[in-house]
Every structure is written in structure tokens, then in C-alpha cells.
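Participant: Pasting a structure here, questions to come.
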Amino acid sequence: MLVKLVFYSFYNRCSQVPSQYALFVGVNYERELRSVLAGELKGIRAVTRSCTEIERAQAMQVMQRPFLVVRAPGSGSEGTGDLLALRGDICFPIEVKSSKESKLYLSGRTVHQYNSLKEVGERCGLMPLYAYRLKGVRGDSWRIMRVESANLTGKLRQLSRKIPSLPLTRNGTPYLGWEHGMPLNRFIALVCGSDSPWDIGQSLEKTSFGEILIS
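With the sequence shown counted from 1, adding 296 to any position gets you our numbering.
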């Protein structure tokens, strides 16, 4: 009897490891994205380690116009997303996802998350975003997609024309398609600077290699 109790205790502890590890990894990716959007040089360098010089220069623009990024209360539920990125001119609720697969289909709880984000976006005039990190790829591993919202005005309405929304399955259900998203460095260039190649090239000339290259 004692042997059985010891075995079951050991089994239960082991069965909890994957879920706890997944939660830990998810929080790490939230911190990674938060560090970049907050304009922290260390975080930007870590994310752009295997990117091209132009991609690094685009990402570096967030240092000039950083966001205040906070973890949303009740993270992951009721339309708040995981992170809130705030600046004087714009605000984004952001839901963070990661996977080894380029496509992540929504079902059950994740469908509820999407619908809640959409509802809050339309009620408050916001443009919620999904930040999707693909594991095991070189270059910019983050992709940004927006949640459809019908009540956007001003700058958010203009941005909605450039930021892709979540693609749809054959039956019209949204899903996360990494290939369909906007690279994080392009998103930063769009909301923090200029998205034109000419201005990015000028930014490269003005930025020393000591600031861009990974030490």
C-alpha cells in the first residue's frame, strides 16, 4: 500500500510538469515582447539577433517612441489580452501566442478569447492584436495580426488598412497563420517611424554599428 501511495504521488507531480513548464514558457514570451515594445535595448538585441541589418534598424525605432507595456489584469480573459501597450496616440490590447507550428487553430477557450477581444475592440474603439511567435526559426520570429473591429477611427483606422487581420478557415473561423502576419520589425516601423525603405536606409546610416550589432 505504501509503495502504491509513493508511486501515485510521484506520478501526479510528474503529470503537472508539462502544464507548469508551458505556463513558464508563455510568460517568458510575454516578457520578451514586452521588453521590445518598451524600447529596451537588451530585449531588442535578443529578438533581432539573427535578423538582417535593416530589420534591426526597423526594430530599433521603438526606442524613440516606446510604449508603456503592462500585463493586463485577468490576463487572457474577457477581452483584455495578455498585454496592454499604451502610448499617447494609440493603445493595443495584445494576446500573445506561441507554437512550433505555423498555423494555430482556435477552439474552445481560445475562440472565447478572440470573441471577447472583438467585442471589447468594437465597444471601446480599439484594435486588439495577436502576437504570434513561431519557435525554432531564424530572423524575426514574431508576427502581428489584428482582430477585426468595425468602430475604428483616426490613426487606428489607417493602421487597420496595413496590418493584416487573422486569416479564415474554409468555414469562416479565424486562425493564427504565421505566414499571413506582419513581422514585428515591420509593425514597429509602422507605428514608431516610417515604413518606407528609403527612410529605413537613412536610419541605418545614422545608427552606428555599435548600437545595432549584438555585443
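Note that CB positions come from ideal geometry on N, CA and C, so glycine has one too.
Since the structure is predicted, the reported quantities are computational estimates derived from the model, not experimental observations.
(1) Under 8 Å by Cβ, that's how I've got L364 and A427 pegged, so tell me the actual separation to the nearest angstrom.
(2) Consult DSSP for F363 and reduce its assignment to one of helix, strand or coil.
(3) What residues in its chain sit with their C-beta under 6 Å from that of R361, if we drop five residues either side in the sequence?
(4) Whole angstroms is fine: what's the gap from Q460's alpha carbon to G384's?
(5) Hey, quick one: how far does the beta strand (DSSP E) through S394 stretch, first residue to last?
(6) Just to confirm my understanding: we take V443, look at its own chain, exclude 5 residues before and 5 after, and list those with CB closer than 6 Å. What are they?
(7) In the structure shown, what three-state DSSP assignment does G372 receive?
(8) If you reduce the DSSP assignment to three classes, tell me which class A355 lands in.
(9) Would you tell me roughly how many angstroms separate the C-alpha atoms of G377 and E391, rounded to the nearest one?
(10) Pick helix, strand or coil for S412, following the three-state DSSP scheme.
(11) Flag this pair as yes or no: are the beta carbons of S456 and K431 separated by less than 8 Å?
(12) Only counting the same chain, and skipping five residues up and downstream in sequence, which positions put a Cβ closer than 7 Å to that of G339?
(13) Since G450 is in the beta strand (DSSP E), which residue starts that stretch and which ends it?
(14) Report yes if the C-beta of Q357 is less than 7 Å from at least one heavy atom of the ligand SAM; otherwise report no.
(15) Taking the beta strand (DSSP E) that R439 falls in, what are its first and last residues?
(16) Alpha carbons only, please: which of L452, G435, A334, G468 is nearest the one belonging to L379?
(17) Is the beta carbon of D436 sitting closer than 8 Å to the one on E374?
(18) Around the Cβ of S445, are there at least 16 other Cβ atoms within 10 angstroms (buried) or fewer (exposed)?
Facilitator: Result, derived from the coordinates:
(1) Not quite, the Cβ-Cβ distance comes to about 16 Å (not below 8 Å), so this is no contact.
(2) coil
(3) C488
(4) Reading off the sequence shown, one finds Pro at residue 460, where the question assumed Gln. Computed Cα separation, rounded: 23 Å.
(5) From DSSP, the beta strand (DSSP E) with S394 extends over 387 to 395.
(6) Excluding its 5 nearest sequence neighbours in each direction, V443 has C-beta neighbours in its own chain below 6 Å: L413, K414, G417, P424, listed in chain order.
(7) In this predicted model, G372 has a pLDDT of only 47, less than 50, meaning its place in the structure is not dependable; the value taken from the coordinates is given anyway. If DSSP states are grouped into helix, strand and coil, G372 belongs with coil.
(8) helix
(9) 4 Å
(10) helix
(11) no
(12) E328, S331, V332
(13) Note, G450: premise wrong, no beta strand (DSSP E); alpha helix (DSSP H) at 450 to 456.
(14) Ligands in the displayed structure: none, and consequently the ligand SAM is not present.
(15) Here the beta strand (DSSP E) through R439 covers 438 to 442.
(16) Checked all of L452, G435, A334, G468; the closest Cα to L379 is A334.
(17) no
(18) Around the CB of S445, 16 or more other CB atoms lie within 10 Å, so the residue is classed as buried.
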